[in-house]
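Q: Going by the UniProt record's numbering, the letters in the sequence shown line up with residues 1 to 149, in that order.
Heads up, the beta-carbon is just placed ideally off N, CA and C, and yes, glycines get one too.
This structure is in structure tokens; I'll ask about it shortly.
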Amino acid sequence: MPSEAEWEMAAGFDPVQSIILRYPWGDAFDGTKLNFCDANCPRDVADNRVDDGHRDTAPVGSFADGRSPIGAYDMAGNVMEWVSDWYDPRFYEGSTDTNPLGPPEGEFKVIRGGSWLSADDELRIVTRSSFDPSVARVNLGFRCAMTPP
1 MPSEAEWEMA
11 AGFDPVQSII
21 LRYPWGDAFD
31 GTKLNFCDAN
41 CPRDVADNRV
51 DDGHRDTAPV
61 GSFADGRSPI
71 GAYDMAGNVM
81 EWVSDWYDPR
91 FYEGSTDTNP
101 LGPPEGEFKV
111 IRGGSWLSAD
121 DELRIVTRSS
131 FDPSVARVNL
141 GFRCAMTPP
């Protein structure tokens, strides 16, 4: 799994502007570019203006227009993703600017990306949550990552 910093870079680093975008495709929310809590969602926060045809998860890569600048699919929506870092709510206050690694141990792991059950404000790239790594959920998955040779 990627570290939290690696996940964030893959999700929305724009190399042209050298910034992290708000969403993988840019700074404005667009419900047609991801699988989120839209008209098919059972939650009260459902956005009924959009219907992507998926009641829960969508096949990987279903939203090509929602790719990140480096071409990564589904970095916002579909399923929240585990990253390898342990969670510390104040970690970034004292971390290094370049590729910070989370604490060496903890009770909860970091999850990123939002899911098909997430409202639009839960889908920003900088949104992070914590979760017990021994528990499974239908809207939580993972992404494989590797360091190039």
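The alpha helix (DSSP H) spanning glutamate 81 covers which residue range?
A: Run containing glutamate 81: none in the alpha helix (DSSP H); it sits in the beta strand (DSSP E), 80 to 86.
Q: In chain order, what residues of the same chain have a beta carbon less than 6 Å from the beta carbon of threonine 5, not counting five sequence neighbours either side?
A: It should be noted that the sequence gives alanine, not threonine, for residue 5. These residues qualify, in order along the chain: Asn99, Pro100.
Q: Looking only at DSSP bridge pairs, what is tyrosine 23 linked to?
A: Gly26
Q: Around the C-beta of serine 118, are 16 or more other C-beta atoms found within 10 angstroms, so that it is buried, or is it exposed?
A: buried
Q: For the beta strand (DSSP E) containing arginine 112, name the first residue and the last one.
A: According to the DSSP assignment, arginine 112 belongs to the beta strand (DSSP E) that extends over 109 to 112.
Q: Which same chain residues end up closer than 8 Å to leucine 123 when comparing Cβ atoms and leaving out the 5 residues on each side of it in sequence?
A: Tyr23, Phe29, Leu34, Phe36, Ala76, Gly77, Gly113, Gly114
Q: Give a yes or no on contact between the region 86 to 96 and the region 53 to 62, applying the rule of three or more CB pairs nearer than 8 Å.
A: no
Q: Leaving aside the five residues before and after residue 156 along the sequence, list all residues of the same chain whose C-beta is less than 8 Å from its C-beta, in chain order.
A: Look at the range of the chain in this structure, 1 to 149, and you will see that residue 156 is not part of it.
Q: Let's see if you can read the secondary structure: which residues bound the beta strand (DSSP E) around phenylalanine 131?
A: 128 to 131
Q: Where do the N-terminal and C-terminal ends of the alpha helix (DSSP H) with methionine 9 fall, by residue?
A: 4 to 12
Q: Which word fits methionine 146, buried or exposed, when buried means at least 16 other C-beta atoms lie within 10 angstroms of its C-beta?
A: Sixteen is the threshold: since fewer than 16 other Cβ atoms of the shown chains lie within 10 Å of the Cβ of methionine 146, the residue is exposed.
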